[in-house]
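Trainee: Whatever position you read off the sequence shown (first residue = 1), add 26 for the numbering used here.
Idealized CB from N, CA, C, for every residue including glycine.
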Amino acid sequence: MAQPIDTIGKAVRRGMLVKATCKRCGNFRCYKASDLMMVFGGGRDPLTLKFRCGECKPAIDVTLIDVDLDRMRSATVYEPFWMGGKVVAWMATRLR
Numbered sequence: 027m028a029q030p031i032d033t034i035g036k037a038v039r040r041g042m043l044v045k046a047t048c049k050r051c052g053n054f055r056c057y058k059a060s061d062l063m064m065v066f067g068g069g070r071d072p073l074t075l076k077f078r079c080g081e082c083k084p085a086i087d088v089t090l091i092d093v094d095l096d097r098m099r100s101a102t103v104y105e106p107f108w109m110g111g112k113v114v115a116w117m118a119t120r121l122r
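(1) How about the segment 104-112 and the segment 70-82: do they share at least three Cβ pairs that are nearer than 8 Å?
(2) Which residues in the same chain as M59 place their Cβ atom closer than 6 Å to its Cβ, once the five residues preceding and following it in sequence are excluded?
(3) Across which residues does DSSP place R120 in a beta bridge pair?
(4) What residue does the beta strand (DSSP E) around A46 start on, and which one ends it?
(5) Could you have a look at G87 and say whether DSSP puts it in helix, strand or coil?
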């Protein structure tokens with residue numbers, strides 16, 4: 027029986043991506059659940075994470091995506107850039 031994915035830790039075990047989509051303009055970004063777990067912790071609900079659009083700053087829809095690496099090789103994900111123990115930026119990279 028399938029269990030609900032209610033924490034970032036469960037999403038990491040399944041190798042999922044977290045997709046944040048702007049409700050107004052449709053701008054979106056994908057993040058690896060493992061990177062979000064390093065920043066926010068594994069017990070946090072991924073649907074309650076706060077994201078904001080760089081263009082228009084409205085509310086954001088968060089969805090979980092199950093990754094098929096054979097089909098999503100060209101996907102762009104954002105990884106944290108650490109400096110002095112803090113995340114200073116999110117850098118775009120290709121999904122590996």
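Mentor: The answer reads as follows:
(1) no
(2) Note that residue 59 corresponds to Ala in the displayed sequence, not to Met. I34, A37, V38, M42, V44.
(3) T102
(4) 42-48
(5) Correcting the residue type first, residue 87 is Asp in the shown sequence and not Gly. Here D87 sits in strand by DSSP.
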